[in-house]
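S.K.: Sending over a structure as structure tokens; questions will come in a sec.
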Amino acid sequence: MKNKRTLLTALAVLMAAAMLLSSCAATEQMTNGGRDFYDVTVKDMVVSEDSAYVQSAPSMMEGGFNYAADKKSEAEYEMMMPETTAAASKAPSSPVETGKPDPSEQTRKIIKTVSLELQTLNFDKTTKDIVALTESMGGYVENSYVSGSEIGYRGIVQRHASYTLRVPAEKIDAFVSGVSADVNVLNKRENADDITETYYDAKARLNSLLIQEERLTEMLKDAKELQYMLEVERELANVRYEIESYYSRLRRYDSQVSMSTVSISLYEVVEYEEVIEPPKSFGEKMKTAVTNSWNNFLDDGEDFLIDLVYALPGLLIFALIVAVIVLVIRALIRRSRRKRMERQKLYMAACPPPAAPAEAPKPSEEKKE
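Numbering (this note's numbering) for the sequence shown: 289 to 657.
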């Protein structure tokens, strides 16, 4: 009995081992089969997607994204701003190292503007001198306007000129001194706008965008899936649009910094207007008030006499017309009166007045009789 039990136990163990081995083999076969199926399926999918991308590439080049054109634009960016592009290619990717530049190493970016209000006795010469001085210093006339070419009815010259000039920033002081030499300066206003922080913030942002463009370009080269490629291309187009915007902004800043703006208003006068400082004490204010009041009275009287002389021919003609009208009216009135008197005389001659009635006798006289 004991031997039979041992034999049955051994058979059971062998059967269990055989079943275990068969199940492992089946599992391995299924696994290998699944891997083969996965490899075949994935390869087919990749090939089909690559074929679809190759087929759709011409249409993408024609209608939408043009990678070759973007590479050309990138080359143009580098030609426009070589320093910025080189700095971007050497810039580190660490967030700490890509921070703002050291303020001690930054060149100050200051936009200078000057506004002048001038008077001149020789209008033609002054206008020519302004243009000649601007060109001799390497500047140019951005805008000009001249109005008035006749003398007003009061004898005051009405000509006026306005200029917007661009002059190199390092020569702005010499230019203002030269323009103000032979004229009367009524007003002078200077302004200096420091855009250093704004300028270098824009430049740092441009460097970051250039690095982002380079990374997106590498991602586009390594992309395999069509959807992924389209997303990368869309993002790359947006980045390049921002790059162009920042290039344009920096060019505008550089132009405003290197070439200062000078605005000039020029008036032709027959006599320079005296620039009087405002009075300070009460006595000075009273003296100024009396002087100004008397001068205004004289000016008003002079203007009245001048206006009267200018209006005299018109007044004479008007008076003559009024006199003729008055004479005609008086003649008509006299004629009307004369006709009325003649009608009254005719009426009196045709119709004599009635006889007066007899007087009644008095009562006292009747009694006496």
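Backbone N, C-alpha and C define an ideal beta-carbon position, used for all residues, glycine too.
Within the same chain, show all residues whose beta-carbon is closer than 8 Å to that of residue 523, passing over the 5 residues directly before and after it, in chain order.
M.R.: 504
S.K.: What is the residue span of the alpha helix (DSSP H) that residue 449 lies within?
M.R.: No alpha helix (DSSP H) holds residue 449; the beta strand (DSSP E) holding it covers 448-456.
S.K.: Bridge partners for residue 556 per DSSP, in chain order?
M.R.: 408
S.K.: For the segment 574-585 against the segment 422-439, are there 3 or more C-beta pairs whose distance is under 8 Å?
M.R.: no
S.K.: Does the count of Cβ pairs from the segment 395-414 and the segment 478-485 closer than 8 Å reach three?
M.R.: Judged by Cβ distances under 8 Å, the segment 395-414 makes contact with the segment 478-485, as three or more pairs qualify.
S.K.: Rounded to the nearest angstrom, what separates residue 551 and residue 541 at their Cα positions?
M.R.: When the Cα atoms are used, residue 551 and residue 541 turn out to be separated by approximately 19 Å.
S.K.: Reducing DSSP to helix, strand and coil, say where residue 430 ends up.
M.R.: strand
S.K.: What number of angstroms, rounded off, separates the C-alpha of residue 717 from the C-alpha of residue 485?
M.R.: This structure gives no information on residue 717, because the portion of the chain shown stretches from 289 to 657.
S.K.: Just the Cα atoms here: how many angstroms apart are residue 458 and residue 553?
M.R.: 23 Å
S.K.: Reducing DSSP to helix, strand and coil, say where residue 400 ends up.
M.R.: strand
S.K.: From the DSSP output, which residues share a beta bridge with residue 478?
M.R.: 402
S.K.: CB-CB under 8 Å to residue 547, same chain, minus the five flanking residues each way: which ones, in chain order?
M.R.: 427, 454, 455, 456, 457
S.K.: Determine the contact status of residue 556 and residue 447, defining contact as a CB-CB distance below 8 Å.
M.R.: Using a Cβ distance threshold of 8 Å, residue 556 and residue 447 count as a contacting pair.
S.K.: With DSSP run on the structure shown, which of helix, strand or coil describes residue 435?
M.R.: strand
S.K.: Using the C-alpha atoms, what's the distance from residue 423 back to residue 601?
M.R.: 51 Å
S.K.: Going by DSSP, name the residue or residues bridged to residue 517.
M.R.: Note: residue 517 sits in no beta bridge, so no partner.
S.K.: Does the segment 458-475 come close enough to the segment 573-583 that 3 or more CB-CB pairs lie under 8 Å?
M.R.: no
S.K.: Grab me the residues of residue 418's own chain with a C-beta within less than 7 Å of its C-beta, minus the 5 sequence neighbours each way, in chain order.
M.R.: For residue 418, where only same-chain residues beyond five positions count, the Cβ hits under 7 Å are 451, 467, 552.
S.K.: Between residue 639 and the rest of its own chain, which residues show a CB-CB distance below 8 Å, the 5 nearest in sequence each way excluded?
M.R.: none
S.K.: Residues in its own chain within less than 8 Å of residue 415 by CB, not counting five upstream and five downstream?
M.R.: Only residues of its own chain outside the window of five on either side were considered, and among them 434, 449, 554 have a CB closer than 8 Å to the CB of residue 415, listed in chain order.
S.K.: Counting along the chain, where does the alpha helix (DSSP H) carrying residue 588 start and finish?
M.R.: Its alpha helix (DSSP H) spans residues 570-638.
S.K.: Could you check how far apart the C-beta atoms of residue 545 and residue 413 are, in whole angstroms? I think they sit under 8 Å.
M.R.: About 33 Å; that fails the 8 Å criterion.
S.K.: Cα separation between residue 549 and residue 411?
M.R.: 22 Å
S.K.: Straight-line CA distance for residue 368 to residue 425?
M.R.: With a pLDDT of 46 at residue 368, under the threshold of 50, the modelled position of this residue cannot be trusted, and the question is left open.
S.K.: Taking residue 471 as part of the alpha helix (DSSP H), name the residues at either end of that continuous run.
M.R.: In the DSSP annotation of this structure, residue 471 is not part of any alpha helix (DSSP H), being labelled neither H nor E.
S.K.: Quick one: measure Cβ to Cβ for residue 501 and residue 537, integer angstroms, because I've assumed they're closer than 8 Å.
M.R.: The pair is not a contact, with the Cβ atoms about 17 Å apart (cut-off 8 Å).
S.K.: Could you check which residue in 487, 421, 611 has the C-alpha nearest to that of residue 534?
M.R.: When only C-alpha atoms are compared, the closest one is 487.
S.K.: Report the partner residues of residue 658 according to the DSSP bridge assignment.
M.R.: The chain is shown only over 289 to 657; residue 658 falls outside these bounds and no answer can be derived.
S.K.: By how many angstroms is the C-alpha of residue 420 removed from the C-alpha of residue 409?
M.R.: 18 Å
S.K.: From residue 491 to residue 579, what does the alpha carbon distance come to, in whole angstroms?
M.R.: 60 Å
S.K.: Give me the Cα-Cα distance between residue 432 and residue 460, rounded to the nearest whole angstrom.
M.R.: 19 Å
S.K.: Report back the beta-carbon spacing between residue 530 and residue 497 to the nearest angstrom; my notes put them in contact at under 8 Å.
M.R.: 5 Å
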